[in-house]
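Novice:
2 protein chains.
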Amino acid sequence: MDQVKIIEIKKSVFEDNNKDADALRQELKSRGVFLLNLMSSPGSGKTTTLIRTINLLKGRMGIAVMEADIDSDVDAIKIKDATGIQSIQLHTGGMCHLDAEMTRQGLQGLELEGIDLAILENVGNLVCPAEFDTGAVRNAMILSVPEGDDKPLKYPLMFSVCDVVVINKTDVLPFFDFDLEKCREYIRMRNPNAQVFPICAKTGEGVDAFAAWIEAQVNDWKQ
Amino acid sequence: MDQVKIIEIKKSVFEDNNKDADALRQELKSRGVFLLNLMSSPGSGKTTTLIRTINLLKGRMGIAVMEADIDSDVDAIKIKDATGIQSIQLHTGGMCHLDAEMTRQGLQGLELEGIDLAILENVGNLVCPAEFDTGAVRNAMILSVPEGDDKPLKYPLMFSVCDVVVINKTDVLPFFDFDLEKCREYIRMRNPNAQVFPICAKTGEGVDAFAAWIEAQVNDWKQ
Chain A
2 MDQVKIIEIK
12 KSVFEDNNKD
22 ADALRQELKS
32 RGVFLLNLMS
42 SPGSGKTTTL
52 IRTINLLKGR
62 MGIAVMEADI
72 DSDVDAIKIK
82 DATGIQSIQL
92 HTGGMCHLDA
102 EMTRQGLQGL
112 ELEGIDLAIL
122 ENVGNLVCPA
132 EFDTGAVRNA
142 MILSVPEGDD
152 KPLKYPLMFS
162 VCDVVVINKT
172 DVLPFFDFDL
182 EKCREYIRMR
192 NPNAQVFPIC
202 AKTGEGVDAF
212 AAWIEAQVND
222 WKQ
Chain Y
2 MDQVKIIEIK
12 KSVFEDNNKD
22 ADALRQELKS
32 RGVFLLNLMS
42 SPGSGKTTTL
52 IRTINLLKGR
62 MGIAVMEADI
72 DSDVDAIKIK
82 DATGIQSIQL
92 HTGGMCHLDA
102 EMTRQGLQGL
112 ELEGIDLAIL
122 ENVGNLVCPA
132 EFDTGAVRNA
142 MILSVPEGDD
152 KPLKYPLMFS
162 VCDVVVINKT
172 DVLPFFDFDL
182 EKCREYIRMR
192 NPNAQVFPIC
202 AKTGEGVDAF
212 AAWIEAQVND
222 WKQ
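In order, the protein sequences belong to chains A and Y. Just so you know, my numbering puts the end of the first sequence at 224, numbered straight through with nothing missing. Just so you know, my numbering puts the end of the second sequence at 224, numbered straight through with nothing missing.
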């Protein structure tokens with residue numbers, strides 16, 4: 002393949018959110034609430050994955066969900082209808098991500114009594130959400146097969162900040178040029194410690210392993 | 002379906018880019034260059050669609066491409082190898098979008114002599130790129146079938162600012178719950194004037210209509 006010209010365009014700098022995120026984590030720790038931040042591209046299956054996962058876990062712990070979107074409330078309604086748990090919608094007013102203060106505003110809208118696991122479904126976006134610590138204890142992301150196995154090359158920060166990469170829509174692997182082993186290798190390049198869970202949220206295949214990982218993390222946090 | 006709680010989180014404000022974008026459009030007009038801004042989620046097929054489209058148009062006009070990504074240069078190389086046209090990579094240094102000034106920096110890296118159509122492949126992101134006028138004459142976006150037909154509900158601004166919505170990966174329609182008519186209706190809600198082109202970039206089906214639209218726009222601009 003040929004070489005091409007590369008131009009480095011300047012970047013603006015963000016600040017000060019990290020301290021706030023640490024403070025939020027401390028607050029949550031003292032209340033015994035584990036916050037999971039779930040990120041992905043638009044349409045990779047965050048909501049369907051959450052429904053499957055929550056239905057496996059809800060008998061074992063108290064769970065609440067915050068659904069962040071630019072607009073609409075379809076996801077929060079879907080979660081509530083399909084799982085019966087507490088689910089609220091956060092509208093970001095056009096913002097492309099959530100920071101710790103925005104997450105705190107969301108948490109204030111939840112009834113946290115009896116909640117062990119609060120899940121933030123972040124705005125569908127592989128770029129900005131990765132740049133802002135939300136105060137979550139763990140970050141997870143979903144990469145879906147139709148998006149392509151090269152995404153860790155193009156969105157390095159997202160893969161670096163995530164403890165878990167869920168590879169969703171494995172049922173359509175035969176119809177896409179997606180090399181699972183190559184993808185695992187690209188993920189390792191960005192983050193050697195990331196756990197990878199291939200799943201099919203539509204059928205439920207593989208979701209139990211992701212749910213078990215969450216349960217272990219929550220139990221760990223509460224000790 | 003049940004109602005759920007909705008919390009409106011505050012938004013920060015952007016400024017001043019619009020004037021710069023108008024100035025850039027004027028500069029391009031005086032040089033006879035039409036700038037097309039192509040946006041989409043990660044993995045929706047921007048690069049493959051461009052390759053198909055450029056190969057239909059390159060005998061009829063001078064074309065150059067700017068590929069914007071957080072990192073990697075795989076797309077610019079792919080375009081160059083598959084079409085032979087001038088193709089450069091823009092690294093945004095982590096930035097989630099391009100504004101007019103960043104686009105101008107990119108254009109300065111192109112040899113514009115003999116170029117009628119400059120294409121900016123924006124960062125894969127349905128949120129931020131929609132908020133910044135790049136100075137392009139027209140905005141186009143790609144929505145791929147696996148992302149779901151509800152995206153116009155969740156990412157309203159992106160669909161509002163686009164003159165064209167290309168619906169890609171129609172070959173996998175049988176494997177996804179994607180209702181093409183419902184999707185057209187949602188797009189109309191956001192933007193009654195948007196043109197919709199269903200295509201399959203992999204096989205080339207439908208790409209000719211999108212290419213013909215571009216050609217008409219370029220000819221119009223150059224008069």
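Glycine included, every Cβ here is placed at the ideal spot set by N, Cα and C. Because the structure is a prediction, the values reported are computed rather than measured.
Check this for me: beta carbons of aspartate 107(Y) and methionine 62(Y), under 7 Å apart or not?
Specialist: The sequence shown places glycine at residue 107(Y), not aspartate. Going by C-beta atoms, glycine 107(Y) is not nearer than 7 Å to methionine 62(Y).
Novice: Can you tell me whether phenylalanine 198(A) is helix, strand or coil according to DSSP?
Specialist: DSSP places phenylalanine 198(A) in strand when its eight states are reduced to three.
Novice: Step through the CB atoms of chain A and report whether any lies within less than 7 Å of the CB of serine 41(Y).
Specialist: With its beta carbon at least 7 Å from every one in chain A, serine 41(Y) lies outside the interface.
Novice: Quick one: what does DSSP say glutamate 114(A) is sitting in, helix, strand or coil?
Specialist: coil
Novice: Provide the residue span of the beta strand (DSSP E) that contains glutamine 87(A), from first to last.
Specialist: 87–92
Novice: Could I get the ranges of all uninterrupted beta strand (DSSP E) runs contained in the region 40–97 of chain Y, with 3 residues as the minimum, in chain order?
Specialist: 64–70 and 87–92
Novice: Rounded to whole angstroms, how far is the Cβ of isoleucine 52(Y) from the Cβ of leucine 118(Y), which I believe are closer than 8 Å?
Specialist: Not a contact, Cβ separation roughly 14 Å.
Novice: How about the region 44–51 of chain A and the region 15–33 of chain A: do they share at least three Cβ pairs that are nearer than 8 Å?
Specialist: no
Novice: Round the Cβ separation of aspartate 72(Y) and lysine 155(A) to the nearest angstrom and send it over; I've been treating them as touching at under 8 Å.
Specialist: Going by Cβ atoms, the distance from aspartate 72(Y) to lysine 155(A) rounds to 6 Å, so yes, they are a contact pair.
Novice: Relative to chain Y, which residues along the region 146–164 of chain A have a C-beta separation below 7 Å, given in chain order?
Specialist: Flagged, chain order: Pro147, Glu148, Gly149, Asp151, Lys152, Leu154, Lys155, Tyr156, Pro157 and Leu158.
Novice: My output table needs one value for valine 166(A): the three-state DSSP class, helix, strand or coil.
Specialist: strand
Novice: Of all the CB atoms in chain B, is at least one closer than 7 Å to the CB of isoleucine 71(Y)?
Specialist: In summary, chain B is missing from the structure at hand, where the protein chains are A and Y.
Novice: In terms of DSSP beta bridges, what is alanine 119(Y) paired with?
Specialist: In DSSP, alanine 119(Y) forms a bridge with Leu36(Y) and Ala65(Y).
Novice: Around the C-beta of glutamate 28(Y), are 16 or more other C-beta atoms found within 10 angstroms, so that it is buried, or is it exposed?
Specialist: exposed
Novice: Near glutamine 224(Y), what residues of its chain come up, given a Cβ to Cβ distance below 7 Å and the 5 sequence neighbours on each side ignored?
Specialist: none
Novice: Along chain A, in chain order, which residues have C-beta atoms closer than 8 Å to that of lysine 170(Y)?
Specialist: Under a criterion of Cβ atoms nearer than 8 Å, the residues of chain A adjacent to lysine 170(Y) are, in order, Pro147.
Novice: Residues in its own chain within less than 7 Å of alanine 69(A) by CB, not counting five upstream and five downstream?
Specialist: Leu91, Thr93, Leu99, Leu121, Glu122, Asn123 and Val124
Novice: Do the CB positions of isoleucine 89(Y) and lysine 59(Y) come within less than 7 Å of each other?
Specialist: no
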